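Below is one structure, written out as structure tokens; comments come after it.
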């Protein structure tokens, strides 16, 4: 099996998911999980190879003329993400099968989430910038569909749109940045670009490139000031929040920054932009997490805070901080995924997510509570969990920084103690302490499918905490090496003996516990913060969106006021004005002269057409007007026959017939033909019609007489039979030479038909 | 309005129009015709049927929903282009096979005909979807 199959299989499996769901309802999650489980096993087989420093590159031509290839690249960094995506993906699918069991659209849900999984694998396995971008956008799209999964709720729809607009807008900036990298670096392939770092850093366009690429990464990874979409995205079903909005998709921005560090990193621009934005995000969202009450929103803000921390670490760019970013990313994926799934299980069993209304659940849900406790301990950085190791290397790396070491350490301590408090809020309070007197008689232990995810993820946190070199040697070292472009053996261990770091760590935990205890008393102060937050970037987003809506409304009122004759007038006037201006301005009248040879029957047909057209404007009966127009059309078809275009004529005859049929069908609904309008309006309309007619005539005449290039028809005539086995050139062009155009045309036709259908049916619905 | 003359005539015309549309579709590659015009012709037959009888009768005669026709048509048209990918040629390369039948000249059959069939079905679906929903008003 090659790497491309690991990505494509997700899409194939996804498209089958709704059909499978139609036939199998019981245990669908376990069936759906088969794919990610096999992918996980497949990726695990790569671990020894990658740990030995091997890089796998596969490449397929995609648009060879533009030098675009569909290529995949598997190194330590890709492998770490692939393992997380497939591993957590399997747990989430099993979980979702049970969590959304009663939901009639579970099949559709599985489609979306598998589509996301495949796209996300595409992002991390992409071997060139354009492949990466395509999959990047696909993750934004599938995230949109998943956030808006309960599309009947208005809040879900607007949250989905918000996420799409923010990440999609960033995606456009990213595309511009990537194209510039490709232009300057001479290639879109990572393998070649990795040698081009100095050239890019020295280019005058370096700063715009960095800003554009970072805009893409920051919007995706919810960095300040774009962080507001992530808490809103909690409208999504909980498995989605666990998977997309904590463990994988929001880390795509981190992945991108890590991936591009060897190419773009190491400059002052990079250092200041990335670390300042990262640090700001870490603190702003960390504090915001403290005054939330909804379990999912608390987790969302703390996720954004950790994403800020990872961004900060990547921005600092020292060997030790990059190592730490990768280690902490792994630790976070494990504990945060577990906590989200726990929040979902609690919501599922009690119907509540507000931590003020929850308490003492450990008696009803002992296993879930144990998993939550382990995950929370890991989040708080308490030994022997993997989170502790993460926190320890964090402080160690910050201490090593020359000059700014103590400031960074202080910032990280602040963020960490906020995380400790948050861990208490979501992992401890609903299960152990809680409010006195809150009981949940209805709560009982979640089914195995809902427990599996939290237990496995929290358990892995314990396993890797006890045996850190397991993750360190096989998975994390190769990932770090991929970012640093040099071997980076990590020596992780739980206990280094008493030193300054351990003391710092203990102090953080104690301070965090204190903060947690004092939280109730601090809440009034938080109310003031909420007042400030109301003026945050979310307000800017809605103001922009509303402004655009108002602009669109004003423009629609002006141009499309619902009266068809005004539409026609606007279209006709602009066509005449613009094309006429160009013709006059650029001396467009070339080779105009009167054709001498006119045959009798041509004149006759022309006369019939003109007479019928005139009649159409004069008749007072609608049927008469329609018939007269029909005669015009048939006359044109006759001209086609005279000039040897039977295909065109046949089509024209049929179309004219259908026009008459359509008119007759709607006849009944049309208002009676009103008396003619006053002469001024008729004069205006007449002049406009004349102008349109003259313009079209001139254009047609010019098109057939002014030749700049030899006509292509000879090529078709010569190659039609030998290359396409057909003697009817028109048809050969339609179905063979230009078949792709035809495919586009019939697609447009179908869309138009559905539009007509929707208009008519909606009107009918409205009437009832 | 029920017209016996129209209904009787429709009885014959309908069949002839459908057969003629198939004829147009199949001859299209070498003689005037092709999927688009053939689709219009077939849709014309059904339109005539709608005028002579009513929408419900046409839907029954059609057996499938026009929406399904559109979807199947587009799928066939796009799918015919995919066949060449299996041979490693670019998307939508025409692939040809040659059929030798007794007493007839050599018959060339290729994916363009399949593509044209997709166009044919899509055009029928589009036209009928518009006409039938208008007639239902």
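Protein chains in written order, with our numbering: chain A, 14 to 781; chain B, 274 to 410. A virtual CB, placed ideally from N, CA and C, is assigned to each residue, including glycine. It should be emphasised that the depicted structure is a prediction, and the values quoted were computed from it without experimental measurement.
Per DSSP, the continuous alpha helix (DSSP H) segment holding residue 123 (chain A) begins and ends at 119-138.
Closer than 8 angstroms to the CB of residue 671 (chain A) there is at least one CB belonging to chain B. Going by DSSP, residue 81 (chain A) is part of no alpha helix (DSSP H) but of the beta strand (DSSP E) stretching over 81-87.
Under the DSSP assignment, residue 69 (chain A) falls in the beta strand (DSSP E) whose first and last residues are 69-76.
Identification of chain A residues near residue 309 (chain B) by a Cβ-Cβ cut-off of 8 angstroms yields 664 and 747, ordered along the chain. Contacts between residue 338 (chain B) and chain A, judged by CB atoms closer than 8 angstroms, are missing: the closest CB pair is about 11 angstroms apart. The C-alpha of residue 270 (chain A) is placed about 13 angstroms away from the C-alpha of residue 222 (chain A). Every alpha helix (DSSP H) stretch that sits fully inside the segment 371-426 of chain A and reaches 4 residues is listed by chain position as 379-393 and 399-413.
Close partners of residue 388 (chain B) in chain A (Cβ separation under 7 angstroms): 748 and 752. Contacts with chain B (Cβ-Cβ distance below 9 angstroms) from the segment 57-69 of chain A involve no residue at all. Looking only at A:302, A:427, A:459 and A:324, the smallest Cα-Cα distance to residue 376 (chain A) is reached by A:459. At the C-beta level, residue 383 (chain B) and residue 361 (chain B) stay beyond 8 angstroms of one another.
In terms of Cβ geometry, residue 243 (chain A) and residue 220 (chain A) do not form a close pair [threshold 8 angstroms].
For residue 718 (chain A), the uninterrupted alpha helix (DSSP H) run begins and ends at 692-718, by DSSP. DSSP places residue 43 (chain A) within a helical segment (H, G or I) once states are collapsed to three. The beta-carbon separation of residue 525 (chain A) and residue 411 (chain A), rounded to 17 angstroms, does not stay under the 8 angstroms limit for a contact.
Taking C-beta atoms as the reference points, residue 144 (chain A) and residue 83 (chain A) count as a pair closer than 8 angstroms.
Apart from sequence neighbours up to five positions away, the residues of its chain that approach residue 625 (chain A) with a beta-carbon distance below 6 angstroms are 641, 644 and 645, ordered along the chain. In this structure, DSSP gives residue 37 (chain A) a state outside helix and strand, which the three-state scheme calls coil. DSSP places residue 382 (chain B) in the uninterrupted beta strand (DSSP E) bounded by 380-383.
The alpha carbon of residue 615 (chain A) has as its nearest neighbour, out of A:636, A:595, A:597 and A:654, the alpha carbon of A:654. Within the segment 287-310 of chain B, the residues whose Cβ lies closer than 9 angstroms to some Cβ of chain A are 297, 300, 301, 302, 303, 304, 305, 306, 307, 308, 309 and 310, listed in chain order. The beta carbon of residue 341 (chain B) does not come within 8 angstroms of any beta carbon belonging to chain A, so the residue lies off that interface.
The C-beta separation of residue 169 (chain A) from residue 248 (chain A) comes to about 4 angstroms, placing the pair in contact by the 8 angstroms criterion. Per the DSSP secondary-structure output, residue 369 (chain B) pairs in a beta bridge with B:383. Under DSSP, the beta-bridge partners assigned to residue 141 (chain A) are A:202. Leaving aside the five residues that flank residue 310 (chain B) on each side, the residues in its chain whose CB is nearer than 7 angstroms to its CB run, in chain order, 297. Measuring C-alpha to C-alpha distances from residue 445 (chain A) to each of A:46, A:369 and A:196 identifies A:369 as the nearest.
Contacts with chain B at 8 angstroms (Cβ-Cβ) include residue 675 (chain A). Using a CB distance cut-off of 8 angstroms, residue 406 (chain B) counts as an interface residue toward chain A.
Under the 8 angstroms criterion on CB atoms, residue 345 (chain A) is classed as non-interfacial with respect to chain B. Setting aside the 5 residues that flank it on each side, residue 730 (chain A) is surrounded in the same chain by 742, each with a C-beta closer than 8 angstroms to its C-beta; the list follows chain order. Taking 8 angstroms as the cut-off, the beta carbon of residue 325 (chain B) is found closer than this to the beta carbon of residue 283 (chain B). Residue pairing of residue 307 (chain A) in beta bridges, as defined by DSSP: A:367.
The criterion of a C-beta distance shorter than 8 angstroms is satisfied by residue 139 (chain A) and residue 86 (chain A). For residue 359 (chain B), no chain A residue has a C-beta closer than 9 angstroms to its own C-beta; the minimum C-beta separation is roughly 15 angstroms.
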